[in-house]
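Inspection log for the structure reproduced underneath, given as structure tokens.
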Amino acid sequence: MDRIQREAQMQRLVTVATRYFCASSLLCLSILAHATQDGRTTLAVFEIVRPTFIALATFGKCAAFTFNYTVTNSDASKHTPNQVDEATISIDKRSLDEIYSEYQEKLANHQTIVEQDFINIMNACKRSTSKRATNYLKRIIESIQTHHSDNSSLIIRGYNMLLQKYINEKRWDDAMDELEELLSTTHFYSTVTVNTMINGSLKTSSTKNLHQLISSLEKHGYQLSDSNMNRLIKTCHMMGDPESALLYFNRAKAGLGKLDVQAYQCMIYVLKSNDRPDDALAIFKEMQDVGVKPTVATYHILLEMLCKKGRREEMEKLYKKFEHSDLQPNLSIYLAMDWDMNKALQQLKSQGIPLDVRDYNTLIVQSINDNNMEEAVSYFKAMEKAGVQANHVSYSILMDNLLKNDQTAQALEMYELMIDSDVKPDAHTFNALLARHIKNGDRNDCLDVLDKLHDKGHSPDSRTANFLMSIILNEGKDVQKDGEFLVKLLSKLKEYGCAPNTKSYNMVLEGLSRLSYNNELSEISTKPKRGLQQGIKSRSLEVSVANVPDLMRNIYKEMRQSPIKFCKPDSQTYDLIIRLLLDTSQEKAALRMYDDAKRSRIRMSDQLLVHIQKHLASVGMDVQIVQMFYDHRNKRYQIRDTEYYNMLLDTCQRLGLDDARQEPKNARSKRVLRSRESKVEENAKTAIFVRGSQTSQIINDALSDLYLLKKPDAVNFTKKNQIHPFEDDNSLEFFSQKNDASLIVVGTHSKKRPHNLVFARMFEHQVMDMMELGIDNATAMSKIKGAKCAVGMKPLMVFNGELFDTHDNYKNLKNLFTDFFHGQNIDSINLTGLEHIITVTAAPLEGKHAGKIFFRVYTIQMKKSGAKTPRVELEEMGPALDFQIRRVQLPKPEIWKAATRVPKELKPKKVKNVEKDEMGEVYGRIHLGDQNLEKIQTRKMKGLKKRGNDDEEDDSEPSKKAKVDSDDE
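Each residue of the sequence shown is one higher than the last, beginning at 883 in our numbering.
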């Protein structure tokens, strides 16, 4: 059979299978290959029975797939109930321009265009990387609205694809504008539309975009559905923002009265994952109070959480509550409480509860983990004997392990049994069978099948790609072919619109690294190739030893530039690239990678540091070795490799460094060193104000005004500098060391981030945290008439808004501003020295001023009040700035702990029974024993004595004569 006929049959099979079956099953059909001894290709027989597509395919050893099928059911050509008209415009192996030209020609000639044509063309536009794809998609949607206005589901589907296209192109603002128009002028939106935008905010890794989306939906009166609420909670969780998830959950609960059980369950899972068991239990209690019945999964989450936390009493109480409910327990409930398997089975048996398919799957997995495949198969047979229908998970688990043990025949029998049992395979089944297909060496054919499925709208995800890559790396038969396949598979993922994760990138880097080490390193060029500047996106995907370093560097750039946090470089990424660059004599490039890892706070392995030391010592770069030691000496984790310290000592000897300390030679040097020494009570922190390569007048005024408020502990640089704090913090470290400053404010202005201020704090001359604030509205101090405060006066500070106590970013901003304007420590306060006050007000995350922070400065006017305390009036002084939080880099816990450590000398000695309140008043506590008032001896006063008898006695006695001086005497 010639090539054209084989391709035609291949396309026909893909079309038929796609219509009646899922994507993973279609791939399984292409993978089930069994080679006969004579090399002939056996017949592939397909039988279509009602809604199920039952298939068994065997293939011989041939370069391309050969398909020949016989349809045994005469009704196979009839439409199924859900079948649509077959497409009239072919999109296979055609460019987007060709497809759109044919579409326009049919539209101009008033030819029939079925619904499937519109879907196929819109899908092609969504997946295409052409700049014209978005315009094509817009015109198609407009055409559908004109000629098929009654087909609202197709129009909504088109708009959903358009929003997804904007998100894939990182055009969030355009996507929001389109959604605003849909919400305000049309009704062409649905729950899927909102879910698409929520998922898009996750791709941008920006909580600001998510808050903007929810605020827009509330403004237009859109009520989030249960599906939207679940997706929103999960998105906040994946962004690492459980506070926002809890905030939206409470707001939705207040608006709807109560949510469905899935929303409560999702929120409990998020709180459990973020180590907040008390909050999770509170949500569970509230869930019961409003009448929402928890499911078995809800109890499973809580029981497992309490068991891991060691809170056994609460776990037992919760289990008793579960027993009194009308829910039927399963095996996972008891395993969540750390019960023994036999004990759990006996418990179920004693209650007369039969095992369901999930319980049997748990037993099968447990047996496989114990390396007892025979017991796993026996559990599967017992499940069939008990009349329990196995699901796709049951088959996939067994097939996966059979294939791992090279029992291909048994795996194929299991697959046939799965199809005969009317069970549709899933992605796990697809992965297991595709793994066997790759091991047979049919890699190019595998990529061809993936392309054809992608054209039909079925694409693999990163998990499937990672699974295939791991098989390639484990086999390691041909490093050249392995490297080419890994690069092509990574390119396919991006063409399909699936974002690779860090593991995917690292596997490709490892394959390329193996390719370079398998050949002579001298063959590798140390100069970048112009044709490879676009990396994986370049036209030529040829992988050779000479261009491996360029490919690896460009893959690294893609990882750094990706907005998704799951794609960022990790320690393995830097390990692979730095080792290759050093071994190819590219020391400067390797040190730049090392600096990137240091700025990203990625912990490098001890083995990598020793490898860097050895290479730097071999090329005479001893100073860099010492600098590496200073980079890591204050880290929380200690380097435990003795070879590292031995090489460091050898380097110090080569540099002539010994234990003798060189004293400064003049008084100026002594003063500088003395000022930079560690002190128990540090000096006031110095702030540096730096202008970027491009600034606006608003930024210049803001920097000048903040400089005036911070004087005299401030340095203002008016020249422009090439500085980008979030991309490269080397400049910040340079300014900090040069000026002995720990506070830096950088002002920039660009089209993407207009009127931008970056506040950075340094610890030991390294960046501790950074917060980027955009200025939406500003009034300079010079434009506000009135009195100004004197230089060097400490301000009062007031923070308004609950977000400063609940949201992590706002908490950090409050701490940053307090630290920024702290100044010198003082023991007493003079009222006349309180000249100005700074108020920082945080607007709620929804509403007209959503997310804004109002920074205002007022002078304090003290008026006569007729009392001891003067009457206080405030007069605006300026500047008046409206901030918006943009990018944030919070301090790591270990760095924050080291930065906030208090010296022993400053820790106040505890005095028993003496306390201070918030106002500084001292209170003492005196402990007395029990007092018996009856036995207390009190002094009797003479004026209170009884004098009745004494008066009578005094009357009977003669009165004494007073002494009188007389002349007779």
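We put the CB at the ideal spot given by N, CA and C, even for glycine.
Same chain, Cβ closer than 8 Å to residue i, neighbours up to 5 away in sequence not counted
i, result
"G1603", "In the sequence as displayed, the identity of residue 1603 is Asn instead of Gly. Hits under 8 Å: V1572, R1573, G1574, S1575, S1613."
"L1678", "L1716, H1718, I1719, I1720, I1742"
"I1708", "K1676"
"M1120", "L1084"
Where the alpha helix (DSSP H) through residue i begins and ends
i, result
"H1119", "1108 to 1120"
"I1049", "1034 to 1050"
"N843", "A question about residue 843 goes unanswered here, because the residues of the chain that appear run from 883 up to 1851."
"Y1378", "Neither: Y1378 is in no alpha helix (DSSP H) and is coded neither H nor E."
"F1703", "No alpha helix (DSSP H) contains F1703, which DSSP labels as neither H nor E."
"M1197", "1194 to 1205"
"R867", "The chain is shown only over 883 to 1851; residue 867 falls outside these bounds and no answer can be derived."
"E1186", "1178 to 1190"
Straight-line Cα distance separating residue j from residue i
i, j, result
"A915", "E1295", "With a pLDDT of 32 at A915, under the threshold of 50, the modelled position of this residue cannot be trusted, and the question is left open."
"E1469", "Q1495", "11 Å"
"S1025", "N1002", "15 Å"
"R1635", "G1656", "7 Å"
"N991", "K1085", "41 Å"
"F1765", "K1601", "24 Å"
"S1386", "R1396", "16 Å"
"K1746", "E1755", "11 Å"
"L1498", "D1457", "16 Å"
"V1259", "V1275", "14 Å"
"R1194", "L1188", "7 Å"
"S983", "Y1476", "51 Å"
"D1161", "A1145", "15 Å"
"K1175", "R1442", "45 Å"
"L1227", "Q1233", "10 Å"
"K1363", "T1455", "22 Å"
"N1383", "R1039", "28 Å"
Residue i - containing beta strand (DSSP E), residue span
i, result
"Q1648", "1648 to 1661"
"D1764", "1762 to 1771"
"F1511", "Run containing F1511: none in the beta strand (DSSP E); it sits in the alpha helix (DSSP H), 1504 to 1514."
Under 8 Å between C-beta atoms of residue i and residue j
i, j, result
"N1243", "I1279", "yes"
"I1080", "L1036", "no"
"M1653", "V1770", "yes"
"L1095", "T1075", "no"
"R1483", "K1779", "no"
"A1732", "A1724", "no"
"I1735", "V1722", "yes"
"L1106", "I1150", "no"
"L1763", "A1660", "yes"
For residue i, the three-state DSSP class (helix, strand or coil)
i, result
"I1720", "strand"
"V1804", "strand"
"L1756", "strand"
"H1493", "helix"
"Q1604", "coil"
"Q1743", "strand"
"A1749", "coil"
"K1734", "strand"
"E929", "The predicted position of E929 is uncertain, since its pLDDT is 33 and thus under 50; no value can be drawn from it."
"R1643", "strand"
"E1564", "coil"
Contacting residues, own chain, Cβ-Cβ under 6 Å from residue i (five flanking each side not counted)
i, result
"L1371", "A1347"
"Y1805", "E1797"
"F1599", "V1572"
"L1129", "none"
"I1246", "A1258, Y1261, I1279"
Neighbourhood of residue i by C-beta distance below 7 Å, restricted to the same chain and skipping five residues each side
i, result
"D1513", "K1480"
"V1673", "K1593, P1594"
"H1631", "Q1576, T1577, S1578, I1581, H1637, N1638"
"N1091", "W1054, S1083"
"T1700", "M1679"
"I1666", "E1758, M1759, G1760"
"M1197", "L1185, L1188, C1189, M1219"
Any chain B beta carbon closer than 8 Å to residue i
i, result
"K1789", "Of the protein chains in this structure there is only one, and it is not chain B."
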